[in-house]
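S.K.:
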Amino acid sequence: MRLKAALGAAALVLAAPLTASEGGTAQVAVPGGIVAGSVAGRDTVFRGIPFAAPPVGELRWRAPAPVVPWEGERDATRPAPACLQKSEGWNKANWLHSSEDCLTLDVRTPSLKGKLPVMVWIHGGSNRSGSSSGPADSNMTDQGVVHVGIQYRLGLLGFMSHPALSAEQGGASGNYALMDQISALQWVRDNIAQFGGDPNNVTIYGESAGSQDVSLLLAAPAAQGLFHKAILQSGTPGFGMSYRTLAEAEAVGMQLDRAADAGGDVTKLRALSPVALLDLQQDVADPAAELGRSTWLRITVDGKVLPDAPDRLIARNAPKPVIIGVDKVEFGPNTDAIDLLALAETWYPGHGAEALAAYRAETPDPRRGNLALRLQSDGEFHCPADRLADLLATNGWPTWFYEFDVGENGGLTRHAYEIGFIFGRQPVGSGTQMQDYWAALAVTGDPNGKTAVSQDRPRWEPWDPKAARQIFFGQDETAMIAGKPRAEFCRFATTY
0 MRLKAALGAA
10 ALVLAAPLTA
20 SEGGTAQVAV
30 PGGIVAGSVA
40 GRDTVFRGIP
50 FAAPPVGELR
60 WRAPAPVVPW
70 EGERDATRPA
80 PACLQKSEGW
90 NKANWLHSSE
100 DCLTLDVRTP
110 SLKGKLPVMV
120 WIHGGSNRSG
130 SSSGPADSNM
140 TDQGVVHVGI
150 QYRLGLLGFM
160 SHPALSAEQG
170 GASGNYALMD
180 QISALQWVRD
190 NIAQFGGDPN
200 NVTIYGESAG
210 SQDVSLLLAA
220 PAAQGLFHKA
230 ILQSGTPGFG
240 MSYRTLAEAE
250 AVGMQLDRAA
260 DAGGDVTKLR
270 ALSPVALLDL
280 QQDVADPAAE
290 LGRSTWLRIT
300 VDGKVLPDAP
310 DRLIARNAPK
320 PVIIGVDKVE
330 FGPNTDAIDL
340 LALAETWYPG
350 HGAEALAAYR
360 AETPDPRRGN
370 LALRLQSDGE
380 FHCPADRLAD
390 LLATNGWPTW
400 FYEFDVGENG
410 GLTRHAYEIG
420 FIFGRQPVGS
430 GTQMQDYWAA
440 LAVTGDPNGK
450 TAVSQDRPRW
460 EPWDPKAARQ
470 IFFGQDETAM
480 IAGKPRAEFC
490 RFATTY
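Residues in the sequence shown are numbered from 0 upward in steps of one, following numbering that gives the first Met the number 0.
#1: Is the region 133–146 touching the region 446–464 in the sense that three or more CB pairs, one from each, lie closer than 8 Å?
#2: Can you have a look at D435 and say buried or exposed, based on whether 16 or more other CB atoms are within 10 angstroms of its CB?
#3: Sorted by chain position, which residues of the same chain lie with C-beta nearer than 6 Å to C101's C-beta, five sequence neighbours on each side aside?
#4: Should A357 and E487 be called a contact, given that it needs their Cβ atoms to be closer than 8 Å?
#5: Near D197, which residues of its chain fall below 7 Å by C-beta distance, leaving aside the five closest residues on each side in sequence?
#6: Could you please give the first and the last residue of the uninterrupted alpha helix (DSSP H) stretch that includes A183?
#7: Just reading off the beta strand (DSSP E) that I421 is part of, what are its end residues?
#8: Give me the Cα-Cα distance between W69 and G409, rounded to the nearest whole angstrom.
#9: Name the two residues that bound the continuous alpha helix (DSSP H) containing E402.
#10: Since G368 contacts L411 with CB under 8 Å, what's their CB separation in whole angstroms?
#11: Mapping the DSSP letters down to three states, classify S165 as helix, strand or coil.
#12: Measuring CB to CB, does A258 end up less than 8 Å from L271?
#13: Is it the case that the CB of T43 approaches a heavy atom of the ligand MN more closely than 7 Å?
#14: Under the assumption that R269 contacts E72 (Cβ atoms under 8 Å), give the Cβ distance between them as a whole number of angstroms.
#15: Grouping DSSP H, G and I as helix and E and B as strand, with all else coil, what is G351?
#16: Is the region 235–254 touching the region 154–172 in the sense that three or more CB pairs, one from each, lie closer than 8 Å?
#17: Taking its Cβ as the centre, do 16 or more other Cβ atoms sit within 10 Å of T431, making it buried, or is it exposed?
#18: Could you have a look at T334 and say whether DSSP puts it in helix, strand or coil?
#19: Could you tell me if V213 is buried or exposed, where buried requires 16 or more neighbouring beta carbons within 10 angstroms of its beta carbon?
#20: Between Q474 and V405, which are expected to be in contact by the criterion C-beta below 8 Å, what is the C-beta distance as a whole number of angstroms?
#21: Would you please state the rounded distance, in angstroms, between the beta carbons of A218 and P309? I believe it to be under 8 Å.
#22: Considering K267, what are the terminal residues of the beta strand (DSSP E) in which it resides?
#23: Closer than 7 Å by C-beta to A64: which residues in its own chain qualify, once you throw out the five before and the five after it? Chain order, please.
#24: Could you tell me the boundaries of the beta strand (DSSP E) in which M118 lies?
#25: Could you tell me the alpha carbon to alpha carbon distance between E407 and D301, rounded to whole angstroms?
#26: Taking 6 Å as the limit between beta carbons, can you name the residues of its chain near C382, skipping five residues before and five after?
#27: Tell me the residue span of the alpha helix (DSSP H) that contains I313.
#28: Determine contact between the region 475–484 and the region 341–354, defined as no fewer than three beta-carbon pairs at a distance below 8 Å.
#29: Report all residues from its chain with a CB closer than 6 Å to the CB of L312; omit the five preceding and five following residues, and keep chain order.
#30: Going by alpha carbons, who is nearest to T266 out of Q223, V55, G32, R485?
#31: Going by C-alpha distance, which of V67, G123, V27 is nearest A415?
#32: Going by beta-carbon coordinates alone, are V147 and T202 separated by less than 8 Å?
#33: Quick one, which of L156, L374, N199, R152 has its alpha-carbon nearest T443's?
#34: Count Cβ pairs between the region 246–254 and the region 326–344 that sit closer than 8 Å; are there 3 or more?
#35: Does Q434 come out as helix, strand or coil in the three-state DSSP assignment?
#36: In the DSSP output, which residue or residues are listed as bridge partners for E72?
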């Protein structure tokens with residue numbers, strides 16, 4: 000009855016007119032009710048629009064459910080809570096407000112009545128932190144696009160499998176975060192026209208874990224038809240790690256079960272408080288995921304959301320235009336005073352000694368950092384990206400590859416540093432605007448195309464595995480370069 004009532008209310012609301020007020024707000028009808036956004040310059044911004052029911056209580060560790068209707072107007076002028084996450088270490092933020100009730104999205108649009116291309120951002124954060132906030136504050140809309148940021152469940156709540164969950168959910172569990180992302184894209188398909196967007200011209204893009212999630216959406220059967228182009232910034236299906244089987248994933252989930260003394264009863268796990276879950280998450284680790292440090296980045300082939308290995312699924316799906324790339328330095332140990340052989344074996348299983356010898360024989364490039372930093376940047380990012388670009392292009396996907404090398408005050412670049420040049424339209428070497436390429440892909444299907452504000456820029460040639468060429472965004476220049484710069488080391492890579 001609750002579902003029927005929700006769907007009925009949604010149908011009524013979708014028939015309601017769109018209105019705007021003189022006081023700097025705008026109202027749009029969406030499933031669930033009316034949302035009231037705010038005017039920001041020439042744009043209208045809506046924050047925290049629910050695209051699914053709160054995944055709490057009995058809905059914890061289940062596929063996203065339909066939105067629950069609300070009374071009156073919903074205030075969409077303030078950021079919604081991020082999905083539940085720990086504020087610590089590199090994710091330390093005293094201002095962070097997170098909640099298990101978090102399946103919302105943000106929309107920034109330059110026109111409520113247009114039919115503009117849509118760009119949907121999927122945030123990074125190792126699949127255990129982050130939020131949708133970027134697009135709501137970006138000037139990407141100046142390019143003539145509608146900009147959307149989505150949220151998805153993180154860590155244990157987004158990726159945990161468990162034998163009892165698999166038993167109650169048709170033989171598979173986990174990948175709830177991917178289900179959230181697919182649900183958000185379905186919302187975009189059904190509702191973005193109310194915000195001036197074209198549901199038949201949607202580009203998904205993300206960085207780091209968000210890029211990984213984009214690559215998995217390229218693969219997932221349920222996501223096909225919900226988007227038409229994609230951009231992957233420093234992230235691939237496996238980040239150089241093997242895919243996790245459902246049995247392996249369930250074994251990781253049983254670590255939580257034992258830590259909570261649940262005895263295999265997911266009812267007890269669903270009864271845990273959010274604070275207790277975050278505390279217990281510290282005791283859950285997959286030793287095959289970079290020695291336990293990247294538990295939620297080792298993706299699970301569950302047989303349902305991902306019925307096969309992502310690379311095989313991608314090869315079977317209809318081609319779409321794709322930009323893929325890396326930062327010249329991503330991240331890794333800042334010192335070589337560690338067990339380098341163990342690090343090499345982590346990223347090149349079975350070839351660690353041979354790979355380490357090749358790195359030691361390399362003439363160091365000061366722009367790539369120390370040996371350990373080079374080794375992890377290659378094994379986790381560069382080599383999987385090269386392999387994925389080859390896979391895409393070989394199977395008919397129009398593909399463009401980039402390497403980004405701009406650092407603060409001329410220093411080394413770092414993982415995620417390119418985001419500011421894309422969200423903020425800041426020029427890189429020779430005054431080139433990276434944002435223009437990104438928006439052009441969304442608008443025209445080709446990064447060399449024109450948008451509302453794009454400037455002349457070097458032509459970006461497509462990727463050809465047999466004669467590889469990529470664009471280089473550098474400190475002093477933007478130019479095409481030939482070859483695969485890390486091929487000497489990527490020959491040891493066997494994963495995506």
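Don't be surprised by glycine CBs; every beta carbon is placed ideally from N, CA and C.
M.R.: Taking the definition as stated:
#1: yes
#2: buried
#3: P80, C82, Q150
#4: yes
#5: K114, L115, P116, V117
#6: 175–190
#7: Taken as a continuous stretch (DSSP letters only), I421 belongs to no beta strand (DSSP E), being part of the alpha helix (DSSP H) at 418–422.
#8: 51 Å
#9: Counting along the chain, E402 falls outside any alpha helix (DSSP H), though it belongs to the beta strand (DSSP E) covering 398–404.
#10: 6 Å
#11: helix
#12: no
#13: For the structure depicted, the ligand MN is absent and the ligand set is empty, with no information on it obtainable.
#14: Rounded, the Cβ-Cβ distance is 32 Å, inconsistent with contact.
#15: helix
#16: yes
#17: buried
#18: coil
#19: buried
#20: 6 Å
#21: 4 Å
#22: Per DSSP, K267 belongs to no beta strand (DSSP E); it is in the alpha helix (DSSP H), 265–269.
#23: A51, A52, L58
#24: 115–121
#25: 41 Å
#26: C489, A492
#27: 309–315
#28: no
#29: A218
#30: V55
#31: G123
#32: no
#33: N199
#34: no
#35: helix
#36: I33
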